[in-house]
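Taking the working numbering, the leading residue of the sequence shown gets 3, the next gets one more, and so forth.
Just below is one structure, and these are the notes that go with it.
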Amino acid sequence: MVDFDAVIARLQSQVPDLRSVQGAGAYKALVEGNTTPQQDPAAYVIPLGLRGSTPEAVAGLFRQPIAESIGVVLFIRGHDAHGAKALADVRPFIDTVIGAIAGWQSSDELGVFQLSRGALIGISSGLLSYQIDFAINDQLRIAT
């Protein structure tokens, strides 16, 4: 399973221009409070779920490939009402976040993170939000 603290530490060390990198609890508070980050650029690392593949069960062992997905939500203020400056400024952050996470392994998973997708979430009052999703392959192993 993904070590979210390790992902946060990785972003803090590899993307030093991010002024704040936090986890799902802080992101939940932000969304529920309908507020914006106190500092920008900011990133939030959030769980997106698990997906299982076809399992195998042989001689007392259940084995199933899984992929765990995470999202990195970026917030960048463009200092203009329409966020045009933020649109120009976000690309280097996207590239740097992808470079920091893709191909990296947070703990003892079988695979490394791979880029799944990226998408603009929104622009409001000059604050742009962009989500980058990654997935990592692993395997369930359960003695039966």
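All C-beta atoms in this analysis are idealised placements derived from N, C-alpha and C, irrespective of residue type, glycine included.
Check	Outcome
Assumed close pair Phe115, Ile103 - CB separation to whole angstroms, cut-off 8 Å	5 Å
Meets three-Cβ-pair contact criterion under 8 Å: the region 22–38 and the region 62–70	no
Option in Ser55, Gly62, Val74 with minimal Cα separation from Asp7	Val74
Span of the beta strand (DSSP E) around Arg21	That residue, Arg21, is in no beta strand (DSSP E); it is neither H nor E in DSSP.
Cβ separation of Arg79 and Asp42, assumed to be a contact under 8 Å, to the nearest whole Å	5 Å
Ser108 beta carbon less than 8 Å from that of Asp5	yes
Own chain residues within Cβ distance below 6 Å of Ala44, not counting five before or after	Ser22, Phe77
Residues near Gly62 by beta carbon distance below 7 Å, same chain, minus five either side	Ala145, Thr146
Pick from Gly105, Trp106, Asp135 that is closest to Leu50, judged by C-alpha positions	Asp135
Neighbourhood of Gln14 by C-beta, 8 Å cutoff - its chain only, sequence neighbours within 5 removed	Leu20, Val23
8 Å contact criterion, which Ile72 and Ile100 should meet: CB distance rounded	Not a contact, Cβ separation roughly 13 Å.
Same chain only: Cβ atoms within 6 Å of Leu122, ignoring 5 sequence neighbours per side	Tyr132
Short Cβ contact (8 Å threshold) for Glu138 with Gly113	The sequence shown places Ile at residue 138, not Glu. Contact flag set, yes.
Own chain partners of Ser118 with C-beta closer than 8 Å, once the 5 adjacent residues on each side are dropped	Ser71, Asp135, Phe136, Ala137
Asp110 classed as buried or exposed, judged by whether at least 16 other C-beta atoms fall within 10 angstroms	exposed
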